[in-house]
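Here the sequence shown is numbered in the working numbering, starting from 15 and rising by one per residue. Okay, so here's the structure we're looking at.
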Amino acid sequence: MGIRLSSSEYKNFEDEASLTADTALPDEGSVNDLVESKRLNALVLPSNLSIVRKRAIIAVMGSIVADAAAQPLHYIADSDSIHKILEQNNAVDPEFLPVSANPRYKIDTGQQSCYGDQLMVFMDSLANHGGIIDVKDLIRRIVRYFGPNSEYEPKDPTERPLPCPLRTSAISDIISNSLRYGLDGQNLGPTDDYNADCLCKLAPVVGMFAGQRNMLASVEKVARITQNNTKSLAICLAAARILEHYLLKGYDKDVFTIVQNELKNPQRTLPTDEDRNVADMIQSIVDMKSRSHVNVVSHVGHSSAIAEVFQCSLHVLLTAKSYIDGVRNTLIAGGCNCSRATFIGACLAAQFGIDAIPMQWIRKTNSSSYAFELAKKLMKIQTN
């Protein structure tokens, strides 16, 4: 839910009491200013990149497109309601519903949810800092893009659906903390937030560091910005391991077994006390492989809680026959499908390749052109 700041906090922000001269942002503008008006007609990957970095670019596109596809059906409670909405709109397929049916916020089809916008803001920060994860800069950008006077600030926070995008609770907490305590770039992430914001930014960071010793440490640095606790971190690191495997190997039916074994290995990189529990989560989904996805989501839960998002996403990765199939199943299952779509889209695109993402979907995603340019820039930085 979006926060509402007091008048004094507004004034502090406007006077840049927290954003001092040496920490002020460059003039980036709003989230929409990150989006180029032109539409992509084709995805042409740089020929001088390795297959891993090419897959990373594809994963970014798969993530951003899946989020935009889900956004008009975000937060609808169950699949029966979604089927009724599709019938009322004479829609055969669930993606990019022309008129939003979202009960919490209503924005144009083609725009990102807060999860997709976080991914865009994160990539913009990386691209402007030579691929370096600058936590202080990223928090400043979060305040700029999602905070006071942004398109995310509702005039009436009680209105439903909001006529503007909706912040996640983690983003709201970061904004509130930074405006109250200053933008020192440290320890601003909520320690009691167990939602899935950290998963939505995996594609670029795992893509840049896949196959390198510092991949998981880089993921931890990003994850703790929004979910600064061990349980969320353990799940995020497991998700990063899965995505990394797809980036390095492509499709592999044994990926879950491999990651489970890693989580139980005493010599594993960046161990946490929650790793065995996460391995058990993975096994529970493997045991439910034969169930329908709607049934699994109904059983596990469809909220934005990271444990639910992770497990439901795994079921899609186990059962999807294609990128299209996996994204559509995600949308139909309802709930916080955007949080699942960003991770699922990245993993499926990395597995199935660039041609698996329909060009029509890419053109319908407002941020696709800029996302593609950012992803190419980041992977070229990593190659150099």
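Using N, Cα and C, we set each Cβ at its ideal position, and we do this for glycine too. From a predicted model like this one, the values you see are computed outputs, not experimental measurements.
> Helix, strand or coil for I349 per DSSP?
Replying inline: The residue you asked about is not Ile; residue 349 is Gly in the sequence shown. Here G349 sits in strand by DSSP.
> Tell me which same chain residues have a C-beta within less than 7 Å of the C-beta of D187, skipping the five on either side of it?
Replying inline: P204, D207
> Under the DSSP definition of a beta bridge, which residues are partnered with L176?
Replying inline: Y119
> Are there 16 or more other CB atoms within 10 angstroms of the CB of A56, so buried, or fewer, so exposed?
Replying inline: exposed
>> Going by the DSSP bridge assignment, what does I90 pair with across the sheet?
In response: G349
> CB A355 to CB T344, shorter than 8 Å?
Replying inline: yes
> What is the rounded straight-line gap between the Cα of A248 and the Cα of M373?
Replying inline: 35 Å
>> Based on DSSP bridge pairs, tell me the residues matched to I209.
In response: What sits at residue 209 in the sequence shown is Asn, not Ile. In the DSSP output, where bridge partners are listed per residue, N209 has A319.
>> Alpha carbons only, please: which of S114, R238, S298, N228 is nearest the one belonging to R284?
In response: Before going on, a small fix: residue 284 reads as Leu here, not Arg. For L284, the nearest C-alpha among the options comes from N228.
> Whose C-alpha, out of L251, S93, E288, I296, is nearest the C-alpha of R271?
Replying inline: Reading the sequence as shown, one finds Thr at residue 271 and not Arg. The shortest C-alpha separation from T271 is found at I296.
>> What would DSSP say about E288, mapped onto helix, strand or coil?
In response: coil
> Which whole runs of the beta strand (DSSP E) in the region 62-90 are 3 residues long or more, in chain order?
Replying inline: none
>> For K263, report the span of its alpha helix (DSSP H) as first-last.
In response: 244-263
>> To the nearest angstrom, how far is the alpha carbon of M134 from that of Q396?
In response: 18 Å
>> I need the straight-line Cα distance from C326 to K169, nearest angstrom please.
In response: 34 Å
> Nearest CA to the CA of S127: which residue from V219, T182, F366, S192?
Replying inline: T182
> What is the rounded straight-line gap between the Cα of K223 and the Cα of E101?
Replying inline: A quick correction: the sequence has Phe, not Lys, at residue 223. Whole-angstrom Cα-Cα distance: 44 Å.
>> Suppose contacts are defined by Cβ-Cβ distances below 8 Å. Is C250 in contact with V233 by that definition?
In response: yes
>> Report the CB separation of G130 from A82 in whole angstroms; it is logged as a contact under 8 Å.
In response: 6 Å
> From D266 to N279, what distance separates their C-alpha atoms?
Replying inline: 20 Å
> So, I346 versus V314, is the Cβ gap smaller than 8 Å?
Replying inline: no
>> Using the three-state DSSP reduction, which class does R194 fall into: helix, strand or coil?
In response: helix
> With a cut-off of 8 Å, do at least 3 Cβ pairs link the region 374-393 to the region 68-78?
Replying inline: yes
> For the alpha helix (DSSP H) that contains Y129, what are its first and last residues?
Replying inline: 128-141
> If you draw a straight line from the C-alpha of E276 to the C-alpha of A252, how long is it?
Replying inline: 9 Å
>> Suppose the cutoff is 6 Å on Cβ atoms and the five residues either side in sequence are ignored; what does the same chain contact list for G43 look like?
In response: Low confidence applies to G43: its pLDDT is 42, below 50, so where it sits in the model is not reliable enough to give any reading.
> Exposed or buried, S318, counting other C-beta atoms within 10 Å across all chains shown (16 or more means buried)?
Replying inline: buried
> Between the beta-carbon of H316 and the beta-carbon of E322, is there less than 8 Å?
Replying inline: yes
> Which of helix, strand or coil does DSSP assign to T356?
Replying inline: helix
> Is the Cβ-Cβ distance between N116 and H97 less than 8 Å?
Replying inline: no
> Just the Cα atoms here: how many angstroms apart are L262 and V149?
Replying inline: 27 Å
>> If contacts are defined as beta-carbon pairs under 8 Å, then N209 and A184 qualify, I think. What distance do you get, rounded to the angstrom?
In response: 6 Å
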